[in-house]
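Those protein sequences? They're chains A and B, same order as listed.
No gaps in the numbering here: position 107 of the first sequence is 107 in our numbering, and each next residue is one more.
If you count the second sequence from 1, you need to add 198 to reach our numbering.
The beta-carbon is built from N, C-alpha and C at its ideal position, and this holds for glycine as well.
Predicted model, so just to flag it, every value in this text is computed and none were measured.
Before any comments, here is the structure.
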Amino acid sequence: MLGVLRGMGITLKNFLASYVLPRRPDSLETGGIVTVQYPEERLPEKENFRNFPFLVFDGTVDNIRCVSCDICAKECPPKCIYIVRDTDSEGKPLKRPKVFDIDFTVCMNCGICEEACPFDAIFMDHEFEIGGPERQKSLVYHRDDLLKSTAHFQKIRPTDFAAIEERRKKDAEKKAAAQATVQAAAQPKPQTPPSPQP
Amino acid sequence: MDPIFVNSKKALLNLFSAFLPDWTVVLVSIFISIGAIMVLGPFTMMYLTWFERKLLGRIQNRIGPNRVGIFGLLQPIADGVKMLTKEDIVPEGADKAVHLLAPIAIVIPSLLVFSVLPFGRNMTAVNLNIGVLFFLAVSATTTLSIFMGAWASRNKFSLLGGMRSVAQLVSYEVPMVLSVVPVILAAGSLSTVDLVESQGGWNGFKWFVFTPWGFTAFITFYLSGVAECNRTPFDIPEGESEIVAGFHTEYSGMKFALWYMAEFMNVFTVSGLTAVLFLGGWQGAPGLPSWAWFFIKTYALVFVMMWFRGTLPRLRVDQLMGLAWKFLLPLTLVNIFVAGLWFFIPDLRWRVGTAVALLGLTFWALMALNRTALPEKRTYEFAE
Ligand code: SF4
Ligand code: SF4
């Protein structure tokens, strides 16, 4: 009996408070309306948000980092990545994809492609507003739809970008150093085969 | 301001009587009243859905519909269009004719009861001398339609919902009718118009709810009324989480909308009748027109019903039946006795004293007798 009245009091308090208190989407305790009127208002994006992968390129669109090694396509749990390696005019395979399709109707945003890629070529985006008028074609994103610059990556995930750039620079230095020693070693004794790169 | 509707009807009739024979003018008069009700009923229903969604939204710290029109005011129209264009699915094993008839049949009593509600001074469509009885009898037939729909759907959930509905409505009909008795005793009439007029004293504030028996009857009548319209917390016939949607599981499109229409019109009419019986109907301070008083009171009661819905969880079937038979019924019976004594005892102090004492005692006794048996508190020796 009393419990009912107390409950009615709480709902009435919330009802009235929703007109009086300022709207604050962040705190549920204080009362007041918590709804965000989505298309007009948005919550600030969280840096750690992960959705739908994209391919990065350095500088220009021709400089795709992806070397078409097919690792992500093999690792992708729902198998929604489809890659065809590019070839030059003589049919020699090139280190870049000719076709790189991701079916976003199938992609489950697990982020495994990003983890698996040894060349830092594919990353998870902040994109969530995708849609299409039908189920088969419009949500299959092709290579050119997926390409985004490193600047975009830096914008949406600055912390990750900094860490990855650091690592890449170190790797590059190490590689250069190894190259140098190999070359130095190769000068006096040309018959020894170059040691495999780390 | 007050007789604006009455005068406009008169003006219309004068217009017609200029070139129509007398007997057709009577027909026209009837059709104007019917037309007003036929517009008011569905219109009320449409905006009650909007009102409910707004209110529940606010209770839950949301905004509610705000996309179609300003404040979402066109939302009911958008819903109506959606309902009309939806596919009408009839289950294969259903009794097609009854399945179609049930939602139509339920709207009729819900509209009929509008005819005896006094919306304002001289604004009753039909001044029946058995108005209250008519209201209660006609609104009780909704059970039949609900059961028709439930049975014709050939679905276990629907049938369960229909059965529950019959059990609930039959039970709550008893305290509902019994709580009207003291009011009828006081007014000496069954006509809704007379009932309102008998509450006219004290500058329009001599409402029955201000007497001890009136107050008790108001509470019991209102609670039974909420149960009669299948509203939360008494909505076991449609309990979404238990039996999907009860009697309207198998309904879609406009037929489904008709069920809802009946429900919301019942909400309005039951609140209206409560206002008429206990809150003085269109009586009130002279500043406002009489129909405004009626609508203010009715919408206040509708608000409380929706407030219930925003607050209370659904009752269990046994709790529901217990409330009707073990609490409301004895209380209303005692209340009739108290009301009788009230008119028997001449001295004001004595009659208020006896009434309050008797009702308080009954309330306390019923609370004590109905206390749920709580199991002894257990201690768990090894739990910590
Ligand atoms: S996020 Fe997961 S599912 Fe989507 S493409 Fe990458 S590996 Fe496949
Ligand atoms: S995105 Fe990475 S893992 Fe996938 S094919 Fe390109 S380089 Fe290989």
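Residue from the options whose Cα sits closest to the Cα of residue i
i: L12(A); options: F506(B), T430(B), T530(B), F541(B); result: F506(B)
i: A473(B); options: G508(B), F416(B), E438(B), A483(B); result: F416(B)
i: V56(A); options: M1(A), P97(A), M108(A); result: P97(A)
i: P528(B); options: L367(B), S227(B), P373(B), V515(B); result: P373(B)
i: W349(B); options: L557(B), V364(B), N327(B), D277(B); result: V364(B)
i: Y19(A); options: I202(B), V226(B), K252(B); result: K252(B)
i: F345(B); options: G233(B), P301(B), A553(B), F203(B); result: P301(B)
i: Y82(A); options: F100(A), C113(A), T159(A); result: F100(A)
i: G278(B); options: S215(B), V424(B), Y458(B), F332(B); result: Y458(B)
i: F312(B); options: V237(B), I382(B), G386(B); result: V237(B)
i: G360(B); options: E371(B), S369(B), T341(B), L475(B); result: T341(B)
i: L521(B); options: S369(B), P219(B), A385(B); result: S369(B)
i: V378(B); options: A553(B), R319(B), L393(B); result: L393(B)
i: A537(B); options: S387(B), I202(B), D220(B), T409(B); result: T409(B)
i: A323(B); options: F462(B), K207(B), W405(B), A555(B); result: K207(B)
i: A294(B); options: E448(B), V375(B), E250(B), L475(B); result: Before going on, a small fix: residue 294(B) reads as Lys here, not Ala. The residue with the shortest Cα to Cα distance from K294(B) is E448(B).
i: A17(A); options: M504(B), I257(B), V336(B), V223(B); result: I257(B)
i: G59(A); options: P53(A), S149(A), V140(A); result: S149(A)
i: I287(B); options: R514(B), D545(B), M452(B), F462(B); result: M452(B)
i: L556(B); options: W411(B), F249(B), R260(B), T390(B); result: W411(B)
i: V61(A); options: A151(A), K155(A), P44(A); result: A151(A)
i: P118(A); options: L139(A), F52(A), E75(A), A184(A); result: E75(A)
i: T509(B); options: F580(B), T430(B), F454(B); result: T430(B)
i: L5(A); options: V502(B), V330(B), F580(B), M281(B); result: V502(B)
i: V140(A); options: E114(A), T105(A), R50(A); result: T105(A)
i: T586(B); options: I235(B), A455(B), T414(B), L211(B); result: This structure does not reach residue 586(B), given that chain B is present from 199 up to 582, and the question cannot be answered.
Outcome for residue i when other beta-carbon atoms lying within 10 angstroms are tallied against a minimum of 16
i: N14(A); result: buried
i: E426(B); result: buried
i: A121(A); result: buried
i: Q481(B); result: buried
i: R167(A); result: exposed
i: R265(B); result: exposed
i: G479(B); result: buried
i: M1(A); result: exposed
i: P380(B); result: buried
i: P53(A); result: buried
i: G347(B); result: buried
i: N568(B); result: exposed
i: T414(B); result: buried
i: H142(A); result: exposed
Ligand 2 heavy atom lying under 7 Å from the CB of residue i
i: F580(B); result: no
i: V72(A); result: First, the residue type needs correcting, since residue 72(A) is Cys and not Val in the sequence shown. It does: the Cβ of C72(A) is within 7 Å (strictly closer) of some heavy atom of ligand 2.
i: A121(A); result: yes
i: S68(A); result: yes
i: C117(A); result: yes
Distance cut-off 7 Å: residue i Cβ against heavy atoms of ligand 1
i: P77(A); result: yes
i: P53(A); result: yes
i: I206(A); result: Absent from the structure is residue 206(A), since the part of chain A shown begins at 1 and ends at 198.
i: I102(A); result: yes
i: G111(A); result: yes
i: C107(A); result: yes
i: C80(A); result: yes
Chain-ordered neighbours of residue i on chain C, where CB pairs are closer than 7 Å
i: T35(A); result: Among the protein chains in the structure shown, which are A and B, there is no chain C.
Cβ-heavy atom distance, residue i to ligand 3, below 7 Å
i: I164(A); result: Absence of ligand 3 from the depicted structure is noted, with ligand 1 and ligand 2 being the only ligands included.
Residues that residue i bridges to, as DSSP identifies them
i: I64(A); result: F57(A)
i: P93(A); result: T87(A)
i: D101(A); result: Y82(A)
i: L211(B); result: None; L211(B) has no bridge partner.
i: N51(A); result: D125(A), H126(A)
i: L456(B); result: Answer is none; L456(B) lacks a bridge partner.
i: V140(A); result: D103(A)
i: K524(B); result: DSSP, once it has assigned bridges, lists no residue as partnering K524(B).
i: E148(A); result: Contrary to the premise, residue 148(A) reads as Lys rather than Glu in this sequence. Looking at the DSSP assignment, K148(A) forms a beta bridge with V56(A).
Taking 8 Å as the cut-off, does the stretch 401-416 of chain B touch the stretch 429-446 of chain B (at least 3 CB pairs, one atom from each stretch)?
By the Cβ criterion, the stretch 429-446 of chain B is not in contact with the stretch 401-416 of chain B, since fewer than three pairs of Cβ atoms, one from each stretch, lie closer than 8 Å.
Segment contact flag, the stretch 170-179 of chain A with the stretch 131-138 of chain A, C-beta cutoff 8 Å, min 3 pairs:
No, the stretch 170-179 of chain A is not in contact with the stretch 131-138 of chain A.
Give a yes or no on contact between the stretch 353-361 of chain B and the stretch 293-313 of chain B, applying the rule of three or more CB pairs nearer than 8 Å.
Three or more Cβ pairs closer than 8 Å define a contact, and the stretch 353-361 of chain B falls short of that threshold against the stretch 293-313 of chain B.
Counting Cβ pairs closer than 8 Å, one from the stretch 442-449 of chain B and one from the stretch 481-491 of chain B, do we hit at least three?
Taking 8 Å as the limit for Cβ pairs, the verdict is that the stretch 481-491 of chain B does not touch the stretch 442-449 of chain B.
Segment contact flag, the stretch 265-285 of chain B with the stretch 486-499 of chain B, C-beta cutoff 8 Å, min 3 pairs
By the Cβ test, the stretch 265-285 of chain B is not in contact with the stretch 486-499 of chain B, since fewer than three Cβ pairs between them sit closer than 8 Å.
Would you be able to state if there are at least three C-beta pairs under 8 Å between the stretch 57-70 of chain A and the stretch 87-96 of chain A?
With the cut-off at 8 Å, the stretch 87-96 of chain A and the stretch 57-70 of chain A touch.
Evaluate the contact criterion for the stretch 460-473 of chain B versus the stretch 214-221 of chain B: three or more CB pairs, one atom per stretch, below 8 Å.
Not touching, per the Cβ criterion.
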